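A.B. asks:
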Amino acid sequence: TERRSRRSSGRPIAVSFEFFPPKTPEMEATLWNSITRLAPLAPKFVSVTYGAGGSTRERTHATVARIVEETRLAPAAHLTCVAAAKGEVDEVVRGYWDAGVRHIVALRGDPPGGVGQAYEPHPQGYSSSADLVAGVRRIANFEVSVSAYPEKHPESASFDVDLDILQAKVEAGATRAITQCFFDNDIYFRYLDKVRARGIDVPVVPGILPVSNFKQARNFAEKTATYMPDWIASRFEGLDNDPETRKLIAAAVAAEQVFDLVDRGVTEFHFYTLNRADLVYAICHLLGIRPPAAAEGAAAA
Ligand code: FAD
Numbered sequence: 005t006e007r008r009s010r011r012s013s014g015r016p017i018a019v020s021f022e023f024f025p026p027k028t029p030e031m032e033a034t035l036w037n038s039i040t041r042l043a044p045l046a047p048k049f050v051s052v053t054y055g056a057g058g059s060t061r062e063r064t065h066a067t068v069a070r071i072v073e074e075t076r077l078a079p080a081a082h083l084t085c086v087a088a089a090k091g092e093v094d095e096v097v098r099g100y101w102d103a104g105v106r107h108i109v110a111l112r113g114d115p116p117g118g119v120g121q122a123y124e125p126h127p128q129g130y131s132s133s134a135d136l137v138a139g140v141r142r143i144a145n146f147e148v149s150v151s152a153y154p155e156k157h158p159e160s161a162s163f164d165v166d167l168d169i170l171q172a173k174v175e176a177g178a179t180r181a182i183t184q185c186f187f188d189n190d191i192y193f194r195y196l197d198k199v200r201a202r203g204i205d206v207p208v209v210p211g212i213l214p215v216s217n218f219k220q221a222r223n224f225a226e227k228t229a230t231y232m233p234d235w236i237a238s239r240f241e242g243l244d245n246d247p248e249t250r251k252l253i254a255a256a257v258a259a260e261q262v263f264d265l266v267d268r269g270v271t272e273f274h275f276y277t278l279n280r281a282d283l284v285y286a287i288c289h290l291l292g293i294r295p296p297a298a299a300e301g302a303a304a305a
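Structure below.
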């Protein structure tokens, strides 16, 4: 089929993986099993999130530092403006540079009072995500990624406000946007058209959340006003008590979404791993991304 031939025509696909800092030794073991399993796929970078209100500052730093020490992966540390003075944030940023980190995902973050409250910047803090991007770039020559919202940010009055903010972040020095997850690819492409019409030319990398637990994903989608198409719901219908089949369906559904994006020209993906490797590993395999030994074997064959 056309799809098969286009895929095998070998346009290289780049991937990155997102993790969150573990809270317990058990979660740490799960995370490191996942990192070890995914590392041979040679992602462009792996990112580590920053808890709401800076609650994971130490854990994020520790996770990123361990990635630097124990792997050859390029880590990206998420950082927000929330509840911290500029001096404190700058210290964190310098600490990352000194530890060998060269990539920051710069975010405003959610209001300290929780989602739904009005955002009030810290009086001595960075006032916005664009301000933080500029601050990070002033400190050192970091690569800086930022967020993008194909269905607009829940706080946002209009797409225009969202695009203004994305533009400000890029003008401040961001070189990549990573999207909030979405499940309807048309929404992504309509958004991309709006971004390009503004003359914003940085990559807008789709953030992919492989759905393995449909109920959880649907709750998340409701909370974040992310559209969940009926076709996905129907794929998981009747499987609430059948995790084994659900896992197979999850891989099929994610593959369907990702292949459609590839067919429509996407060459870079950011995966929200939720610290689990299986599903993401399988999707990468389908995309032709293999560990080096397997890739050499295939080439020899
Ligand atoms: P921005 O891009 O600065 O703004 C988002 C939207 O808010 C704007 O588009 C606009 O609609 C509205 N807005 C902002 N400022 C104004 C203004 N002055 N006037 C009018 N409207 C305004 N959160 C974490 O706590 N830790 C993380 O590690 C983390 N990682 C993330 C990674 C990705 C890829 C994404 C997409 C989100 C992540 N988030 C994270 C969530 C993010 O912090 C929240 O969505 C937060 O509410 C907005 O932060 P932002 O940097 O996306 O905001």
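Numbering-wise (the UniProt record's numbering), the sequence shown opens with residue 5 and increments by one.
Positions of the beta carbon are idealized from the N, C-alpha and C atoms, including for glycine.
None of the values given here were measured: they were computed from a predicted structure.
1. How close, in whole Å, do the beta carbons of threonine 179 and proline 210 come, if the pair is a contact with beta carbons under 8 Å?
2. Taking the alpha carbon of residue 4 as the point to measure from, which residue in Asp205, Ala286, Trp235, Cys85 has its own alpha carbon closest?
3. In terms of residue numbering, what span does the beta strand (DSSP E) encompassing leucine 243 cover?
4. Please indicate yes or no: does the CB of valine 19 lie closer than 7 Å to some heavy atom of the ligand FAD?
5. Can you list the beta strand (DSSP E) stretches of 3 or more residues lying completely in the region 167-232, in chain order?
6. Quick one: Cα of alanine 254 to Cα of glutamate 248, how far?
7. Which residues in the same chain have their Cβ closer than 8 Å to the Cβ of glutamate 32, if we skip the five residues on either side of it in sequence?
8. Which word fits phenylalanine 186, buried or exposed, when buried means at least 16 other C-beta atoms lie within 10 angstroms of its C-beta?
9. Within 10 Å of its beta-carbon, does alanine 221 have 16 or more other beta-carbons around it, so buried, or fewer, so exposed?
10. In whole angstroms, give me the CA-to-CA distance for threonine 134 and aspartate 282.
11. Is DSSP giving phenylalanine 21 helix, strand or coil here?
12. Which word fits residue 4, buried or exposed, when buried means at least 16 other C-beta atoms lie within 10 angstroms of its C-beta?
13. Helix, strand or coil for phenylalanine 146? Go by DSSP, reduced to three states.
14. Quick check on the DSSP output: what are the complete alpha helix (DSSP H) runs of length 4 or more inside the region 30-114, in order along the chain?
15. Just how far apart, CA to CA, sit valine 206 and alanine 225?
16. May I have a chain-ordered list of the beta strand (DSSP E) segments no shorter than 3 residues that lie completely inside the region 242-284?
17. Please report how far the alpha carbon of valine 86 lies from the alpha carbon of alanine 297, in whole angstroms.
18. Is the beta carbon of valine 93 within less than 7 Å of some heavy atom of the ligand FAD?
19. Could you check if serine 38 belongs to the surroundings of the ligand FAD, using beta carbon to heavy atom distance under 7 Å?
C.D. replies: Working from what's here:
1. 17 Å between Cβ atoms; not a contact.
2. Past the edges of the chain, shown from 5 to 305, lies residue 4, and the structure says nothing about it.
3. That residue, leucine 243, is in no beta strand (DSSP E); it is neither H nor E in DSSP.
4. no
5. 180-183
6. 10 Å
7. Pro26
8. buried
9. buried
10. Note that residue 134 is alanine in the sequence shown, not threonine. Approximately 35 Å between the Cα atoms of the pair.
11. strand
12. Nothing can be reported for residue 4, as the shown portion of the chain is limited to 5 through 305.
13. coil
14. 61-74, 90-102
15. 26 Å
16. 272-276
17. 44 Å
18. no
19. no
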